[in-house]
Every structure is written in C-alpha cells, then in structure tokens.
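K.L.:
Residue numbers (our numbering), protein chains in the order written: chain A, 1245 to 1395; chain B, 58 to 450.
Quick reminder that beta carbons are idealized off the backbone N, C-alpha and C, glycines included.
Remember, it's a predicted structure, so these values are computed and weren't measured experimentally.
Just dropping this structure here.
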C-alpha cells in the first residue's frame, strides 16, 4: 500500500531573561572588553561563566573577579560536519581555563588552519596557551570574544 | 514497605530502523507493549500502574506525546507517570517502575515508550536547545561536540587513540550483526571507521550512533505476585541514580569534582546499585554489561565507571585484548549497544531489557554464555544524569 507522510515545522520565538549575573557579565564584556567571574564565598573558587551561587557550597557568590585574557585549552573539538542552525564548517571551539579562574569558559578558537584535522588537533592540545581576543564592535554577547593561540 | 524483591516478568522490543512509515507513534508503542504483555502471560487488567518513557518532545515532534501513549499502554483509569531524564529516560523509567513495586503499593507495573528520531533526522538541532540560554546557547554545542571534548580529555589523560575508538565500533557492530532487533547491523573494520568522514574531531561518522525509530516495554512485578502466579522472572537486585553539575566547563579546570573525561556520577550510581546488590568486586562478579555509550569513545569511561577494570584508562588495553567481546571474559554491549541503535526515549530501557534477556538465557545469537548477573546503565542531560541497575537470574 501507499504510505503517506506530512511535514511539520516547529519555529518558536522566546525572549529569555538573562538575569542579573549574566547581564552584568555581558555588560562588562561590552563596555570593558574583559571577562569576569564570580568568587564562591565558601570555597574561594572563581566560577566562569559567573554564577550567582555555587553548586558545591550552595552559597551565594560574593565578588566579581577579572580573569584572563590569557588561559589554557582544557578541551576542544573541530567540526567538519554541517549541522542545521549551526555555523558553516569547519570551525574549532572548546573550553579555556582563563588565568585567575577555576572553571573553564566556552568559546571559538580562531586563526588556526583547519584543513587537516590531525594537524589542527595537534595545535589545540589540552594545556596549550591561548589569549582572549575581543571584537572591536561589541554587542554584549558570547560571540564578542574568542580565543587565539598565544604567539 | 514490602521486603519482597522486584522481578522482570515481560520484555518487548520492536525492531529498530531509521524510519517506520507503516506505524504512527502510538502504534509503535503498542508494537513493544503487546509482546511484553504476551511474554508476561498477563492481560492488561493485571497491570496496576504505568510508567511512561519519553525524552524531549521535540525528538518525536509531538508536544507531551505521552498523552498519545496512554491508549497504547492500556493506561485508561490507571496511575500514569511520564519520566524524562534525557538519554537516561529508559532506565529511569524502569527504576521508577521498580520504586512503584518496591514501595508495596503495586504488584504489577508496565513501563513502555517509543521514539521516532528518524522522523526528526535533526537530533543535534534539538540537542543544541538543551544548553542554557544565558551563556552557552550561542556556542555550537550538541551531544556529539560535547562528547568529542570528553574524548579529547580522555586521550590526554589515558592515551586513547582514534584506532582504540574504532575498535569499539568494530566490536559493537559485530555484536549487532547477531541481534535481529539492532539498527546498524553491518560489520565494519578498523579501516572502515578510520576512513569515514570526520564529524567532530576525533569523532568520525562510524564512531556515532544512528537516529533510530522503535519501541520498548517491560513488565515488573512483586516477588509475592510472581510466586503466587508461578511466573518466570529475573530479579532487579540493585538500582542507582546520580547527577552532576550542568556546567561542562566545571568538569575541567582546577580540581573538578566531576572530570569530563570520565563519568563521575555514573561511577557514583554504580556504587549505589552495587552496594544494594551486595557486589564488592564488580570486575569479577559481573558477567555481562549493557552500558549506554552513543559514541565509541564513551564506552571506555563507562567501563571505567562501572569498575569493570581496576583503574580509569585500563579499559583501553582490555578492550584491545578482546575481553569485552562476545566470547570474551566480560561481554560489553553484546546487543551492539547504543552505538548501533539509539531510539532515545527507550535506548536506556533497551540496555536493561537486553541484560535481563542475557541473565535469563534468552538473548539468542548474541547470548553471553553462562551470564547470571548483569549490569545496565543510562546517561542523560549534558553527560549529567545517570541511572544503573543490577539484574540477576
């Protein structure tokens, strides 16, 4: 028998409130061109991206701490497959422990030749030093900054 | 509180394929429920409650699709509870069904569900939406990229190579070729995996699970009910759950509680289920394992977390030696596992069902000889919420 199908598309728009802590984080990125974390009162750990409370002590964080711009790669991947609603491949991104932070922040790695996966992966090894680069025209969002290999 | 054990008395699984154009979503659920009920030898009147296994709605494209499942599981006039723990949903549903019976409130509970990931065909768009809108949504995150980063750290700590990852795929595809229910059943070689295109380095196409369509169902009952009705059963002797932080970047950096290379909370969950089952030396006491590993690299940290090896990273050499093959000392994923079949809402239930069939001696061509005690696990969230069970004959 002939089996039929029908197409359905979900396209829903949300206006997410970012909250006080993330709003301050992005405002400082936009206005100062700097990354800040929040220090946990109980443990002293500096959480980046900043959280209003620590999931370990369950206490509020107490102060803003400037971190970076230098740091080291903690994890990366290099994407060669095209995914819907994601950038055109190839691109590299991952997590960086910024100097002065205790947790790693996600972002793109730029300025690396990604033509050969193995050669690119060798350049991005865990522990490799990177520097945060900020866009000249900053909007107050995650894509205002990225990481480049320290020369 | 009853002190009875809880037994598994019925198991049903559909065949798993990319698409099932001949079956709607509830029809697929029914396709798993009917053989489970027949296996239990019960009619629907005997079922006192239903636990419904359904992960994110967007994967089937039906808002709160459990509503469509009520009819398929005979849920009319019965207590009905949906469980959603992401990829762990299926095992969490079995554990919730276990709680229903172990509490003494119910003697017979059905758990069931289905997924049609193949109709979405775009699971990474759905899974990108699991990241928080405040910070991480603008990044190109998805479960493949997340677990590629776990692979990078595992390589860094333990020396895993891309060929080691390929060996997992080769093993599991061989197992799946023996399992008529499995989705990807074609055996492959290390060269095939290495030659497949890079998706998210170091993960290649053949290191990835498929997007599967299919259903699963299980019937659990109290020991008293099983004895009174002279039913055959295998026994759930240990259950566990554990969660860890949402923040992937907190699983690296300075002295993380949970290391992203591994599966910290999965280890905790296994410790809980082992303690409950009285298992002190899993490396020697466990005969067979079905561990939720959707990408080849993740099977290593699951084997580590289940303590089937002495220390993290030992799984690499032991797998290379063939220890986890069917016919080896401790077969891991004899069904082919999540790597060969992933209908997300029921994938972790299939892990439990397959282990139950193994210790029951009913696994057919992919039977692990002499298996009397097995373990199963499920992983959900962003590598964050884990469930485990121990099953004994």
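For residue 307/B, decide whether its Cβ has a neighbour in chain A, counting only Cβ atoms nearer than 8 Å.
P.N.:
yes
K.L.:
Rounded to the nearest angstrom, what separates residue 58/B and residue 1297/A at their Cα positions?
P.N.:
With a pLDDT of only 39 at residue 58/B, under the threshold of 50, the placement of this residue in the model should not be trusted; the figure read from the coordinates follows. When rounded, the distance between both Cα atoms is 38 Å.
K.L.:
For the alpha helix (DSSP H) that contains residue 224/B, what are its first and last residues?
P.N.:
219–234
K.L.:
Apply the 10 Å Cβ neighbour rule to residue 423/B and answer buried if 16 or more other Cβ atoms are within range, or exposed otherwise.
P.N.:
buried
K.L.:
Ends of the beta strand (DSSP E) at residue 170/B?
P.N.:
Per DSSP, residue 170/B belongs to the beta strand (DSSP E) from 165–173.
K.L.:
Residue 388/B bridges to which residues according to DSSP?
P.N.:
Looking at the DSSP assignment, residue 388/B forms no beta bridge with any residue, so it has no partner.
K.L.:
Answer yes or no: does any C-beta atom of chain B fall closer than 8 Å to that of residue 1370/A?
P.N.:
yes
K.L.:
Measure the alpha-carbon distance for residue 367/B versus residue 433/B and round it to whole angstroms.
P.N.:
When rounded, the distance between both Cα atoms is 19 Å.
K.L.:
Using a C-beta cutoff of 8 Å, does residue 275/B count as contacting chain A?
P.N.:
no
K.L.:
Taking 6 Å as the limit between beta carbons, can you name the residues of its chain near residue 1318/A, skipping five residues before and five after?
P.N.:
1339, 1341 and 1348
K.L.:
Taking 7 Å as the cut-off, is the beta-carbon of residue 1292/A closer than that to any non-hydrogen atom of the ligand FMN?
P.N.:
The ligand FMN is not part of this structure, which contains no ligands at all.
K.L.:
Taking C-beta pairs closer than 7 Å, name the residues in chain B that residue 1293/A reaches, listed in chain order.
P.N.:
192
K.L.:
Are there 16 or more other CB atoms within 10 angstroms of the CB of residue 394/B, so buried, or fewer, so exposed?
P.N.:
buried
K.L.:
Hey, residue 240/B and residue 355/B: beta-carbon distance below 8 Å or not?
P.N.:
no
K.L.:
What would DSSP say about residue 298/B, mapped onto helix, strand or coil?
P.N.:
strand
K.L.:
Of all the residues that make up the region 242–258 of chain B, which are near chain A by a beta-carbon distance shorter than 8 Å?
P.N.:
Listed by position, the residues of the region 242–258 of chain B near chain A (Cβ gap below 8 Å) are 254, 255, 256, 257 and 258.
K.L.:
Which stretch, first to last residue, makes up the beta strand (DSSP E) that contains residue 1308/A?
P.N.:
Annotation: the continuous beta strand (DSSP E) that includes residue 1308/A extends over 1305–1311.
K.L.:
Quick one: which chain A residues come within Cβ less than 8 Å of residue 181/B?
P.N.:
1327, 1328 and 1330
K.L.:
Residues of chain A with a CB under 7 Å from the CB of residue 205/B: which are they?
P.N.:
1321
K.L.:
Where do the N-terminal and C-terminal ends of the beta strand (DSSP E) with residue 1391/A fall, by residue?
P.N.:
1389–1393
K.L.:
Tell me the rounded alpha-carbon separation between residue 117/B and residue 270/B.
P.N.:
10 Å
K.L.:
Cβ of residue 237/B less than 8 Å from any chain A Cβ?
P.N.:
Not closer than 8 Å to any Cβ of chain A, the Cβ of residue 237/B fails to qualify, so no.
K.L.:
Can you check whether the CB of residue 1282/A is closer than 8 Å to the CB of residue 1301/A?
P.N.:
no
K.L.:
Go through its chain and collect everything with a Cβ distance to residue 122/B's Cβ below 8 Å, but skip five positions before and after it.
P.N.:
82, 111 and 114
K.L.:
Using a Cβ-Cβ cutoff of less than 7 Å, which residues in the same chain neighbour residue 388/B once the five nearest sequence positions on both sides are dropped?
P.N.:
345, 381, 382 and 425
K.L.:
Within 10 angstroms of the Cβ of residue 1253/A, are there 16 or more other Cβ atoms? Answer buried if so, exposed if not.
P.N.:
exposed
K.L.:
For the region 196–227 of chain B, which residues have a beta carbon sitting closer than 7 Å to at least one beta carbon of chain A?
P.N.:
196, 197, 199, 202, 205, 206, 209, 210 and 213
K.L.:
Does residue 270/B have its Cβ less than 8 Å from a Cβ in chain A?
P.N.:
no
K.L.:
Closer than 6 Å by C-beta to residue 370/B: which residues in its own chain qualify, once you throw out the five before and the five after it? Chain order, please.
P.N.:
215
K.L.:
Hey, is residue 354/B's beta-carbon within less than 8 Å of any beta-carbon in chain A?
P.N.:
False, the Cβ-Cβ gap to chain A never drops below 8 Å.
K.L.:
Going along chain B, which residues have a C-beta under 7 Å from residue 1338/A?
P.N.:
Going along chain B in sequence order, the residues near residue 1338/A (Cβ under 7 Å) are 206.
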